[in-house]
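Q: First to last, the protein sequences are chains X and G.
When we follow the working numbering, the leftmost residue of the first sequence carries the number 1, and every step to the right adds one.
When we follow the working numbering, the leftmost residue of the second sequence carries the number 1001, and every step to the right adds one.
Note that CB positions come from ideal geometry on N, CA and C, so glycine has one too.
No experiment lies behind these values; they were computed from the predicted model shown.
Let me give you the structure first, and then I'll get to my questions.
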Amino acid sequence: MDYKKEIEKVRELLNEEFIELDDKSRILKSPKLKALYALLPKVAAEHKKDLGIAINKLKDELEAKVKEESKKDSSSKLKLIDVTAPFDINAKLPEFLESEDGSIHPISQEIEKVSEIFNSIGFEIFESRNIDDAWHMFTSLNFPEDHPARDDYDTFVTEEELVAPAHTSTMQNRILSLRKDNLKAGLPIAAAVPDRVYRNEDVDARHEHTFYQVEGIYVDKDVNVGNLIATLKTFLSAYYGKEVETRINPFYFPFTEPSFEFALSCPFCDKKGCHICSQSGWIELLGCGMIHPNVIEMAGIDSKQYSGFAFGCGIERLIMMKYGIEDVRLFHSAKLKFLKQF
Amino acid sequence: MKYSFNLGQQISKKDISKILNLSSADLAEKLNSQIGAFDEIINWGARYEGIYLAKIVKLEKHPDADKLNICKIDDGGAAKKVERDKDGLIQVVCGAPNAKEGIMVAWISPGSTVPSTYDDKEPFVLSKIKLRGVESNGMLASEKELAISEDHSGILELTEKDLNKKLLKPGTLFKNLFGLDDIIVDFENKMFTHRPDCFGHIGIAREIAGIQSINFESPDWYKNIDPIFPKATSKLKLEVENSIEDVVPKYSAVCIEDIKVEPSPIWLKATLYKLGIRPINNIVDITNYLMILTGQPLHAFDYDKIKSGLGTKINIRKAKNSEKLTILGGKEITLDKSDIVITDGKNPIALGGVMGGANSEVDNNTKNIVIESANFNMYAIRRTSMRHGLFTDAVTRFTKSQPEAQTKIVLAKAIDMVKEFLPNSKSSEVIISNKKEFEYEHLNLPRQKVNTILGLDLSREQISDILNLVEIYSHEMLDEVCVTPPFWRTDLELEEDIIEEIGRLYGFNKIDAKLPIRRVAPVLKDPIIELKKAIRAHLSKLGANEVLTYNFVSEKLLKRAGQDPEMAYKIRNALSPELQCYRLSLVPNLLDKIHSNLKSGQDQFALFELGKSHIKNLLEKDTKLPLEFQRLGFVYANKDKSNGATYYIAKKYLENLLSYLNIEHRFITLEKEAFESLAPISSPFQSERSAGLEVKVGSKFELRGIVGEFNEDITKNFKLPESSAGFELDLVTISENFSLDPNYNPLIKFPSILQDITIKVPSKALFAEVESELRLKFKKHLGNSRINFTLRPISIFKKEDSNNKSIAFSIEFNHPEKTLNTPEVSKIVEKVKRSH
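Shown next, in the form of structure tokens:
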């Protein structure tokens, strides 16, 4: 009997088995290996020593392999799994969490609600950007380079001089350009942009560096201040489910002329005065105005023929007033105790 | 911008103070709705209750204190409830070095507040006290305590220089002096970003008149754009060379000889102080006073400090790079060539339009001065101000584009004032660097346009009447109104600018609100928005919670998630290192929120976020702006060990969502290369226990996401619980292909038959392959029988040391037109079994 050949044969078989094994250490207990030891008493005395050395060498080899494999294993202690299976070996079908534990973020809910109202009065909904250039954020909105009005927007700037938009108005030029054919077709441009904006502000219970706004723009022939007021009033009455009164105060924004700060009669106390409106009966809600002709022109629209209005409203404030939420930081806290209440 | 009603009234020819008869709520409403937002209305006079003029009649040393005196004062009997001696005098202990018999002082009676502490959290209210054993009733006050200057060197002593005889007597209420009984409105500066004139009292007074329908008339000295300067009596020599007229369009200056630097009169100090400006000395105070009247900043130099040779030569130029200047206050700044400097011909003596230099400062020994009245380009000033972090009153005003025409006018007034204060002073000839005169421009405003934009029906006459209220000169002309903006309204360029004024002065709230008339067209919907809505609704129904996290993360978080911060856009002016990088994917933020929720008692939950992430230098083709990846991130966490690998829970969520969206997809084992191609999304995941998500696009499957468990480092770094897994995917492809229409199958009338089949395969065999092979076999064996079948996996079983596993399926058979019988079905199942 050629024990050398026999060992070679077993080595091959063991190698094959090794690849197949889930638990690599089991190779050392393989019957094939045991069978080799069983040969020892049977071989001639002069070969015994050599055979013994050969078997041990094979065993050492296997041990080294197991060791190496276990090293590999501990670097990724978990085993390979069949990713195409619907569940694990010897395991039950995984289950979903309880439906009643699920929740939609209050800001998303509010955005969906606001979007629905704007949809219903003919406004198309757009998303804004999370990174933009200063041209859209400022220049296209009639803030010349180095204009001091830029200081009122504490804007985050990247190393590449890109900006984290400080208002959803950063979308005005894009939307006006994209939809200017509406005007030729005799249709207005009507759009709302509810999305995330950023301000370089110290954070406290009332200030966040990341928050949400909804922008509205409307351009057509002969649009006037009265249309702006009526549109906002319609929106807010639908939003609060009751008729509200409105009031505008002059303000300054470079991208509207005239510019206003818009207040509504407090829907929580019907102007009687409560803690939400600081007993004034009025809530200062948003900024708005007639779109500056320069902004309209920059989108390639003739400002002699067309005019329009724009407005921007914070979303968190709407929610905080409605539910009495005490701290704006909760919105981005991902605290389930907070989120599950909505 | 603080506006004093008293000062406003002082410069107005007509009574514009009637508005103060309104209730405070109505006044606030009126100012708000027709001028603009303000921070507060301050009743300045309120802090002077219980303060009277009093005469020190007798003064004795305090027996137990070297520095204290016991004063007997006469308040003319004005104060009630105060202890008096038999002569009706009041005893007050006073430590001021200048207290002496016979002088007139301001006395704060017991029970009254020290005015300088009036706005403090705990105002200092005086009571009768004993000072070193001697009774003292109230106190004799310094200018500082009276909130009229910072001077605390002694008590305020009033003389005939300060007041006329009628008022200079014991018992006069202090608040009735020096215009202290005042109402101050603190308008928000940003309201007036476009209104240079409203950074001066004349400008706001004009608006106060206008909103009361009073025709305002500016002071005569202010209206005349060609002021007459006094004849030069000084021989001081001054030359001005302006080599940068593009950014310093106007520079005028004058020398004044033989001046005396001293404290300003009380009225001036009090006026500046209540408007938030610290009184310094008569010269500086005059420049500041004229600034708060007109909005034109002035600057005074010490003539002798900038003299070289026989005279002074002012040279206006751009600074040289790394040139240095020590500004007022002592800080040294390093200039560069975008800064405007005023020099003495050689060295900078002021940072033009921003701040004076320490080397030319007017001090108590100054004998001769140069007063500068200049105009600077607003953009240049803003750049310099931002770069050096210098935000002075001058910067506030110059960055609003002050009118050029005003420089001469205000300089002329400054000369007048210095001469009035110091009658022995002599002024030189006035030097004006650019003689170009202001020219009025006219604008024809169509009545129709006014009414179209405002939604009103104003006549030409109404329009011009309104504009004339605030000196925007207007007259009717055919169907237009010819408008001539005054020199101080540099903001009035377009028709819209003037229409805004008309609307504001008319009252925007009187405008009728009417909805726009629009043609009806269906609203287009953005598929990505609709998709997000669907995902939100579905995942929350499956018990998951939507969260919103910041776009901004720390480098540390990226590293902890196995991502490379070099790939992230970085914020240059981040609030903190915590918020410095734009996130590279959503899952790391979600991982970061797991531990805190577990700690607060949530044992098992799933978080998801719909949001955007960015990777540096990946740009949109057409706009060259950063690509915004639309992502869905999801993590599941359970503090207990889950049944089998947690991977399968995350996968189940994803699979269920994708079927709801009708997205054809498959999960594939990720080879190293594919796994790495998904970085940075894949970085937190463990390759051996994650699958790639492939979504069918056209006829091909494309890799669009990853689902799996997290690698060990991540588990440690984020303190993840026993079981956690998640997924992240790109939403754009899905948004282009999803549908919420259910896949309806007609109901089958005939009963179906259920059978089980168990298949033994090597443990390495992929379930998906086994299943699809099985499916094919059934299809083959069913042939044209029209029998339908549905496969459902039931279990995957494997003995611990076996190299095989058994997969059990339940199969439902039915036929659209007949009832199947069991043997018929069993036969097919047997065949399939055998063929395996």
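(1) Thinking C-alpha only, which one of Asn1137(G), His1299(G), Glu1083(G) and His1595(G) is nearest lysine 335(X)?
(2) Cβ of tyrosine 218(X) within 8 Å of Cβ of proline 165(X)?
(3) To be precise: take each residue of the segment 1537–1550 of chain G, compare its Cβ to all Cβ atoms of chain X, and keep it if any distance is under 8 Å. Which residues remain?
(4) Among Ile1259(G), Thr1407(G) and Lys1331(G), which one has its Cα closest to the Cα of lysine 1367(G)?
(5) Check whether the Cβ of tyrosine 323(X) lies closer than 8 Å to any Cβ atom in chain G.
(6) Between the Cα of lysine 1307(G) and the Cα atoms of Lys1318(G), Asp1186(G), Pro1746(G) and Ile1349(G), which residue gives the shortest distance?
(7) Taking a Cβ distance cut-off of 8 Å, strictly less, list which residues of the segment 1512–1523 of chain G are near chain X, in chain order.
(8) Should leucine 1515(G) go down as buried or exposed, given a rule of 16 or more other Cβ atoms within 10 Å for buried?
(9) Assign arginine 1834(G) to one of two classes, buried (16 or more other C-beta atoms within 10 Å of its C-beta) or exposed (fewer than that).
(10) According to the neighbour-count rule (16 or more other Cβ atoms, all chains shown, within 10 Å of its Cβ), is glutamate 215(X) buried or exposed?
(11) Taking the Cβ atom as the reference point for each residue, do proline 1115(G) and serine 1127(G) lie within a distance shorter than 8 Å?
(12) Chain G beta carbons: is any one of them nearer than 8 Å to that of phenylalanine 87(X)?
(13) For the structure I just gave you, are there three or more beta carbon pairs, one from the segment 1057–1068 of chain G and one from the segment 1031–1048 of chain G, closer than 8 Å?
(14) Name, please, each residue of chain G whose Cβ falls closer than 9 Å to the Cβ of asparagine 130(X).
(15) Given aspartate 1162(G), which residues of its chain have a CB within under 7 Å of its CB, disregarding the five upstream and five downstream residues?
(16) Name, going along the chain, the residues of the segment 1449–1460 of chain G whose beta-carbon falls closer than 7 Å to a beta-carbon of chain X.
(17) Who pairs with arginine 1278(G) in a beta bridge, going by DSSP?
(18) If distances are taken between C-alpha atoms only, which option among Leu1325(G), Asp1713(G) and Gly1345(G) comes closest to arginine 1317(G)?
(19) For phenylalanine 1398(G), count the other beta carbons within 10 Å of its own beta carbon; 16 or more makes it buried, fewer makes it exposed. Which is it?
(20) Just to make sure I have the definition right: I need the residues of chain X whose C-beta is within less than 8 Å of the C-beta of arginine 1560(G). Which are they?
(21) Closer than 8 Å, CB to CB, is leucine 33(X) near chain G or not?
(22) How about alanine 1665(G) and leucine 1658(G): are their beta carbons less than 8 Å apart?
(23) When you compare the CB of glutamate 12(X) with every CB in chain G, is at least one pair closer than 8 Å?
(24) Give me the Cα-Cα distance between tyrosine 1648(G) and serine 1576(G), rounded to the nearest whole angstrom.
(25) So, helix, strand or coil for serine 1308(G), using DSSP?
(26) Among the residues of its own chain, which have a CB less than 6 Å from the CB of isoleucine 1453(G), if the five just before and after it don't count?
(27) Answer yes or no: do leucine 1542(G) and tyrosine 1653(G) have a C-beta to C-beta separation smaller than 8 Å?
(28) Assess, as a yes-or-no matter, whether the segment 1451–1466 of chain G is touched by the segment 1282–1294 of chain G under the definition of 3 or more beta carbon pairs within less than 8 Å.
(29) Helix, strand or coil: which one does DSSP assign to lysine 1510(G)?
(30) Is serine 1554(G) near the ligand COA, in the sense that its beta carbon is under 7 Å from a heavy atom of that ligand?
(31) Taking Cβ-Cβ distances below 7 Å as the criterion, which residues of the segment 1748–1781 of chain G are in contact with chain X?
(32) What first and last residue would you give for the beta strand (DSSP E) that runs through aspartate 1756(G)?
(33) Taking only beta-carbon positions, decide if tyrosine 218(X) is within less than 8 Å of chain G.
(34) Inspect the CB distances between the segment 1348–1365 of chain G and the segment 1296–1307 of chain G and report whether three or more fall short of 8 Å.
(35) Given a cut-off of 8 Å on the beta-carbon distance, is the pair aspartate 1039(G) and aspartate 1181(G) in contact?
(36) Kindly indicate which residue of Glu63(X), Glu61(X), Tyr37(X) and Gln172(X) has the alpha-carbon position closest to the one of leucine 51(X).
A: The answer reads as follows:
(1) Taking the first sequence and counting its residues from 1, one reaches residue 335(X) at position 335. Nearest C-alpha to lysine 335(X) among Asn1137(G), His1299(G), Glu1083(G) and His1595(G): His1595(G).
(2) As a working mapping, residue 218(X) is identified with position 218 in the first sequence. As a working mapping, residue 165(X) is identified with position 165 in the first sequence. Contact: no.
(3) Those residues of the segment 1537–1550 of chain G that come within reach of chain X (Cβ to Cβ, closer than 8 Å) are Ala1537, Leu1539, Ser1540, Lys1541, Leu1542, Gly1543, Ala1544, Asn1545, Glu1546, Val1547, Leu1548, Thr1549 and Tyr1550.
(4) Translated into positions along the second sequence, residue 1367(G) becomes position 367. Out of Ile1259(G), Thr1407(G) and Lys1331(G), Ile1259(G) has the C-alpha closest to the C-alpha of lysine 1367(G).
(5) Taking the first residue of the first sequence as position 1, residue 323(X) is located at position 323. Tyrosine 323(X) has a beta carbon lying at 8 Å or more from every beta carbon in chain G.
(6) Position 307 of the second sequence holds residue 1307(G). Here the closest residue by C-alpha is Ile1349(G).
(7) From the segment 1512–1523 of chain G, only Asp1512, Ala1513, Lys1514, Leu1515, Pro1516, Arg1518, Arg1519, Val1520, Ala1521 and Val1523 have a Cβ closer than 8 Å to chain X.
(8) To locate residue 1515(G), count along the second sequence from 1; it is residue 515. Around the CB of leucine 1515(G), fewer than 16 other CB atoms lie within 10 Å, so the residue is classed as exposed.
(9) If you number the second sequence from 1, residue 1834(G) lands on position 834. So arginine 1834(G) counts as exposed.
(10) Counting from 1 along the first sequence, the entry for residue 215(X) is found at position 215. Buried: at least 16 other Cβ atoms inside 10 Å.
(11) For this step, residue 1115(G) is matched to residue 115 along the second sequence. For this step, residue 1127(G) is matched to residue 127 along the second sequence. No, they are not a contact pair.
(12) Along the first sequence, read from residue 1 onward, the residue named residue 87(X) stands at position 87. Output row for phenylalanine 87(X): interface = yes.
(13) No, the segment 1057–1068 of chain G is not in contact with the segment 1031–1048 of chain G.
(14) On the first sequence, position 130 is the one that residue 130(X) refers to. Asn1551, Tyr1582, Gly1611, Lys1612, Ser1613, His1614, Pro1626 and Glu1628, listed in chain order.
(15) By one-based count along the second sequence, residue 1162(G) stands at place 162. Cβ within range, chain order: Pro1265 and Ile1266.
(16) Identification of residues in the segment 1449–1460 of chain G having a C-beta nearer than 7 Å to some C-beta of chain X yields Thr1452, Ile1453, Leu1454 and Gly1455, given in sequence order.
(17) Residue 1278(G) sits at position 278 when you count from the first residue of the second sequence. Looking at the DSSP assignment, arginine 1278(G) forms no beta bridge with any residue, so it has no partner.
(18) In the second sequence, residue 1317(G) corresponds to position 317, counting from 1. Out of Leu1325(G), Asp1713(G) and Gly1345(G), the CA that lies nearest to the CA of arginine 1317(G) is found in Gly1345(G).
(19) Counting from one through the second sequence, the residue named residue 1398(G) turns up at place 398. Counting the other CB atoms within 10 Å of its CB gives phenylalanine 1398(G) a total of 16 or more, which places it among the buried residues.
(20) For the purposes of this step, residue 1560(G) is taken as the residue at position 560 of the second sequence. Going along chain X, no residue has its Cβ under 8 Å from arginine 1560(G), so there is no contact; the nearest lies around 17 Å.
(21) Against the first sequence, residue 33(X) aligns to sequence position 33. Interface residue (Cβ-Cβ distance to chain G less than 8 Å): leucine 33(X) is not classified as such.
(22) As a working mapping, residue 1665(G) is identified with position 665 in the second sequence. As a working mapping, residue 1658(G) is identified with position 658 in the second sequence. Just to set this straight, residue 1665(G) is histidine in the shown sequence, not alanine. Yes, they are a contact pair.
(23) As a first step, residue 12(X) must be located in the first sequence, where it is residue number 12. Not one beta carbon of chain G lies nearer than 8 Å to the beta carbon of glutamate 12(X).
(24) Along the second sequence, one-based indexing puts residue 1648(G) at 648. Along the second sequence, one-based indexing puts residue 1576(G) at 576. Straight across, the Cα-Cα distance linking tyrosine 1648(G) with serine 1576(G) is about 38 Å.
(25) Residue mapping note: residue 1308(G) aligns to position 308 of the second sequence, counting from 1. Strand at serine 1308(G).
(26) Position 453 of the second sequence, counted from the start, is the residue given in the question as residue 1453(G). Taking isoleucine 1453(G) as the centre and dropping the five residues before and after it, the same chain places the C-beta of Ile1499 closer than 6 Å to its C-beta, in chain order.
(27) Counting from one through the second sequence, the residue named residue 1542(G) turns up at place 542. Counting from one through the second sequence, the residue named residue 1653(G) turns up at place 653. Yes, the pair counts as a contact, with Cβ atoms nearer than the cut-off.
(28) Segments in contact, no.
(29) Along the second sequence, read from residue 1 onward, the residue named residue 1510(G) stands at position 510. Looking at lysine 1510(G) - three-state DSSP - the assignment turns out to be helix.
(30) Here there are no bound small molecules, and the ligand COA is not part of this structure.
(31) Result list: Ser1763, Leu1766, Phe1767 and Ala1768.
(32) By one-based count along the second sequence, residue 1756(G) stands at place 756. Where aspartate 1756(G) is concerned, the enclosing beta strand (DSSP E) stretches over 1753–1762.
(33) To locate residue 218(X), count along the first sequence from 1; it is residue 218. Yes, its Cβ sits closer than 8 Å to a Cβ of chain G.
(34) The segment 1348–1365 of chain G, when compared against the segment 1296–1307 of chain G, does touch it at the 8 Å Cβ threshold.
(35) Counting from one through the second sequence, the residue named residue 1039(G) turns up at place 39. Counting from one through the second sequence, the residue named residue 1181(G) turns up at place 181. Cβ distance not < 8 Å, so aspartate 1039(G) and aspartate 1181(G) don't count as in contact.
(36) Here the question's residue 51(X) lines up with position 51 in the first sequence. The shortest Cα separation from leucine 51(X) among Glu63(X), Glu61(X), Tyr37(X) and Gln172(X) belongs to Tyr37(X).
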